[in-house]
Amino acid sequence: MRLKRLELFGFKSFADRTVLDFPHAFTGIVGPNGCGKSNVVDAVRWVLGETRPTSMRGGEMTDVIFKGSTSRPAVSVAEVTLVVDNTCGTIPAHGAEVAVTRRVFRSGEGEYEIDGSRVRLKDVRDLLFDTGLGSRGYSVLEQGKIDAVLSANPHDRRAIFEEAAGVSRFRQRRKETESRLKRVDQDLERLDDVVGELESRVRSLKVQAGRARTWVEVRDEWRERGVKLAQHQLLTLDGALSTTDEELLEVDAVLAGLREQRESAEHDLAEREAEQAQLAGRVDEAGAALSEVSGELLTLDERSRQLSARVDAWRATAEAEARRVDELGERLGLRGAELEAARAEREQATSDAERAESALEELGGAFREAARRYREARHQSEEQSKRVNGLIHDKASAYNAARQLESSLGPLTERAERAEVRLTELRERLAAARQEWTSAEGALAEAEGACTAAQEEHAELTAGLQRLRETESGCKEERRRIEVERAALRSRVEALLDWERERESLDAGARSLLEGQGPIDADVLGGLLADHVHTTPEYARALDAALGLSAEAIVLQDESEAAAIGAWLKEREIGQARLVVPGGLNRGNCEPVIPEVSIDLREHVHGLLLEHVRVSTELIPVAHLLLCDCILVSDLESALALTEELPGWRLVTPEGDLVDATGVLAGYREVQQGAVGRRAQAAELESEAAALDTRLDELAVEEERARAEREALEVRLTAAAEAVERARAAYASATSRLRTAEVRTGDAERGLGDAEAESVGLIDERARAEERLVELRREHEHAERAFELENSRLEELEKSRHAIEAERDETGREEHRARVEMTRAREQAQALERRLSDLGRVVEELQLEIERARRLARENESQAEEGGEESQAIGARRAELEIERSAAAEELERRRNEERSGRERIDTLRRGADVVTRELEGLMARRGERQLDRQRAELSREELLRRSEDDFKLDAEALREDFEPSPELLEAEHLEALEVDVLELKRKLDRLGPVNLEAVEELEGVAERLEFLTTQRSDLIEAKSELVSTLETINSESERLFLEAFEEIRGHFRTIFRQLFGGGKADVELAEGEPVLEAGIEITARPPGRETLPIGLLSGGQRTMTALALLFAVFKSRPSPFCVLDEVDAALDDANVGRFLSMLDGFVADTQFIVVTHNKGTMAASDMLYGVTMETKGVSRNVSVELSDVDNFVPEAIGDARAAAQSHADTSAAAAQVGDEDADDEPVVELAPHEPTRVDVPEKVESR
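Using UniProt numbering, you'd call the opening residue of the sequence shown number 1 and step up by one each time.
Given below as structure tokens:
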């Protein structure tokens, strides 16, 4: 594989597309200083993937793009293409030619291509792995790097050996693997934290989900039963309303019939009374005939009294009916006044509605007209605005162009000033270059010392940082462990204090009371006795055994509550409940004093159980009653032995064994089995959790301290690393400062002429810019005037448009108000119409009643008058009747019988009329009651529908839709029972309180995520294991390849060093005490006739030759397809140049060499010469060069071609005679610089 072609475009000084072909094995590149030769080397390194801008001698990667010159504009892209010959198939899966292209754009974006296809930088590096090629490999040595091979620290020297060993790709893979392993560790750490949090969350959500499920079940049951209750209640109310309406209709019909009956009865009564009057007259007439004197008088007096009584009755009835007429008249007047007022209001409302409708039509027309005028004004304003915007654009364009020219005048002036300043600077630079040599030596020694000190500080800080990281990691691990332990404790506490689980062990009566179903609110109850009695977990089982079922007794305030609860439990037949009153009931005399026991059993007695119990103050009497006879002993055996000595006492052990008068309670029981034990253990766990919280706070403080110290050390470590880099950079730069002094002097002289030409060009450019500026200002003033004129027109149009818009909006508001007024007037008129109809019906009924009362009054008054007239007639006819009395005796008797019969019929008719009247009044009262019942039913139905809407979001239609009534619930007692159940379910919902309804779904999601993350964690652990195994394989393979390559390069280095120096000895060794893959490489060299010296004490030529020996050793071990060398022979004399060229001869068969040089010997040995020049300031190009023209083309060319060729031949002949490296008679090679001699070289060298 060979470098076939290099194409450059826009790269640094190569503004034009430049193609360099490399058909030969040894190509030289020559040219004056500063013409761009090194840019060719930079192009090769850049296209091979160099990513550091500093390596390209720039601040950022876009600095490689040609920036322009006085005669050439800048370009926007830099492009380099490297074409290699792949006919040998070194690069698989590619053709005979492989082209690698790299571009970078002015925007900062870049791209790579292989054979015209877009690829990544990684693909380019993978393509060149194991070929020796690469941006940082040993195939490209730029200016100064040949010495940097030796100047680098031992660890940096490894790069060349690793590239030669093919370890680079393994290092890259190891780096990727370590990065992936680090990410896996970080992911595992994060997963552990997340899994811990999720597990805690799952426990909490399980509790919430349980409450939520209970709540949902109760809610659904409440809703189902509530809807059923509402539907049946609505059905009942609808039926009641329907029945009431039917009854009202029936009552109204009956009322009408009764009114007719009453009128008919009153009419019959009047007729019968008239007939009775006639009969009475006849009786009187007959009576008058019975006796001429006294009989007639008696009869007439009796008749007169009867007539007087009847007249009084008729007049009384007439007066009553007259008063009733007055009352009804007053009521009729009130209703008539209301009717007239309502009619007036209706007329007024109708008139208002008509006026509002008329006003609405007028305002609607006005609003449409205003809207039309507004659209026309807006259209005119928009057209004028477009004209103004166009003028603004013209004005802004002229203004911006003028401003741009004005802004460019300043830079032009500044550039001219900078050109003057640059002239001064160039003169000063020449003087500064002469002083640079003196300061370079001191800087070199100072940099070496600073580098050593910085490395020692860096190593110390690295060790300290590692210790702090271990401390911080330990704190995190312990904190994570404690958090898990604390979560477990909290979960155990929650499980111990689970109220729902504890309720399951209670009697049904106690559960009902605690659930708030009893006569006393659950909040008023004092909870269970176990909530008020406390002890340590050690004695919790003993206390639970002693208290027995009393531990679950409910604490009350007084005995009255106990009586009420007992009555309620019996009434409901729910069950029983154990109740406790704080003061106790029926207390006996139990003195807690332990009698004396035998000496051998005394040590087993721990005292009274009360001594180990803490009780709420108000419940001390109860605890005394429950535990005063209970002694705590060590074990069951001792308790049984003490029964004889302590009769009547209860003996209890810490394990929960109980011995009393009835027998023994023994066996194993957990602490949490009892109510007291659960609370005691929960309290102990809470204290442990509090201690863990304290420890977590301490660990957080310690971790924060370690983190702060670590961050401070990292800052110091970064500063130390930067100091090391600065020291290395200073050390490397000191060696190159001397060589750059001469270059700077030449650059200053050439730059002086360029600056003068640049200054003249700037003056001309400024004059042209000022002329153009005057033209643009005139254009701007013209556009400004036109803009002001059109803008004033736009403002007038805008004012008109805003006025029309305001008028339109006001008209719209008035139209809206008129529409509202018309609607209100129509609704008011309709309401008044309904009211008039109701009042009309009332007035008609009142008028009918008044007419009937008047008629009755008139009839009774007429009868009264007739009775008076008849009394007068009786007086007139008294005498005549007296005479006829005798003859009419029989007739009198007969008439009296008829009169009595008629009177009885009248009484019967009057009683019937009274019955009808009372029945009518009763029906009227009944109708009023039914009307009230209907109103109550209406209100109840409205309340029912309101509750249904509030509770179930169901209206009347939804309740009635598809409803089939339950026959069972049509009975009142079952419906009432259902209502009680619904109320109880509602209270149960209220007692449950607010719940997290999303807990169930959230629990499923969190549990699913926890399962997923647990699976991911297992996968990560497996992946970590695979990565560790891969890393071990990479390390072992890398170590094997590196050691093999190192030993091979080491042997070649020893031989090539002796060949180049004509003797001597050199070696490379791995640093001791370090792993093979991290160990630095030390280089030792002993030139012929000298002692072994450190690399830093060799002369410049010796250092270059040693570096070349190492480079050629690498090439011999692993040849690179091509090698680019930039002025590596600058520090060599003619003799050493000959040795260097002789060494090249041995490698050109396997490696293609491109050498940038100023040495004539190297030029003469080249198969082909490329010349690089800069005829146009800042623009490089290649030209044809003959070896005979080198002195003219390259004034800086050094060396003697003939002397170098002679040395070349001598070195080649003597190479085979170099003996063993340990021989004492090594020939001494003179390394003093050879005095160059000018000779003519007649041979032509192929050039371009």
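The beta carbon of each residue, even a glycine, is placed where N, CA and C say it ideally should be.
Looking at the structure shown, is residue i part of a helix, part of a strand, or coil, going by DSSP?
i            : result
H782         : helix
V1218        : Residue placement at V1218 is flagged as unreliable, the pLDDT there being 44, under the threshold of 50; a coordinate-derived value is accordingly withheld.
I1083        : strand
T1162        : helix
A205         : Note that residue 205 is Leu in the sequence shown here, rather than Ala. Three-state result, L205: helix.
A661         : coil
D1126        : strand
T917         : helix
D990         : helix
R511         : helix
C628         : coil
residue 1283 : The structure shown has nothing for residue 1283, since the chain only spans 1 to 1248.
V581         : coil
D1167        : coil
T18          : strand
L556         : coil
V140         : strand
Assuming residue i contacts residue j (C-beta within less than 8 Å), just tell me the rounded distance between them.
i     : j     : result
L975  : H232  : 6 Å
L1031 : T177  : 5 Å
T27   : I1154 : 5 Å
T1162 : V1183 : About 19 Å separates the two Cβ atoms, so there is no contact after all.
L1060 : R1139 : 5 Å
V104  : D115  : Going by Cβ atoms, the distance from V104 to D115 rounds to 20 Å, so no, they are not a contact pair.
F1122 : F1147 : Not really, about 11 Å apart at Cβ, beyond 8 Å.
From the DSSP secondary-structure annotation, give me the bridge partner or partners of residue i.
i     : result
S117  : I114
N1182 : V1172
K1065 : R1086
A78   : V104
H534  : R614
A99   : V83
R650  : C630
Q1152 : F1122
Which same chain residues end up closer than 7 Å to residue i when comparing Cβ atoms and leaving out the 5 residues on each side of it in sequence?
i    : result
G674 : A540, R541, D544 and A551
R373 : I804
A270 : E859
Q828 : A349
The beta strand (DSSP E) that contains residue i, what's its start and end?
i    : result
N598 : Position check: residue 598 holds Ser in this sequence, whereas Asn was assumed. Note, S598: premise wrong, no beta strand (DSSP E); not H, not E.
K4   : R2 to F9
L636 : From DSSP, L636 is part of no beta strand (DSSP E) but of the alpha helix (DSSP H) over L636 to L642.
H606 : V605 to L608
F26  : F26 to V30
R669 : Here R669 belongs to no beta strand (DSSP E), and DSSP marks it neither H nor E.
Can you find the residues in the same chain that come closer than 6 Å, C-beta to C-beta, to residue i, ignoring five residues on each side of it along the sequence?
i     : result
R5    : D21 and V83
L279  : E898, E899 and G902
L992  : W215
V44   : V140 and V1124
F1057 : A1066 and A1109
L1070 : A1079
Provide the residue span of the alpha helix (DSSP H) that contains residue i, from first to last.
i     : result
G59   : No alpha helix (DSSP H) holds G59; DSSP gives it neither H nor E.
L528  : From DSSP, L528 is part of no alpha helix (DSSP H); its letter is neither H nor E.
G1138 : D1134 to D1145
R960  : A956 to R960
L569  : E559 to R572
In chain order, what residues of the same chain lie with their CB nearer than 8 Å to the CB of residue i, ignoring the 5 residues before and after it?
i    : result
D635 : H604, T653, E655 and D657
R118 : E111 and Y112
H534 : V613, R614, V615, V676, R679, A680 and A683
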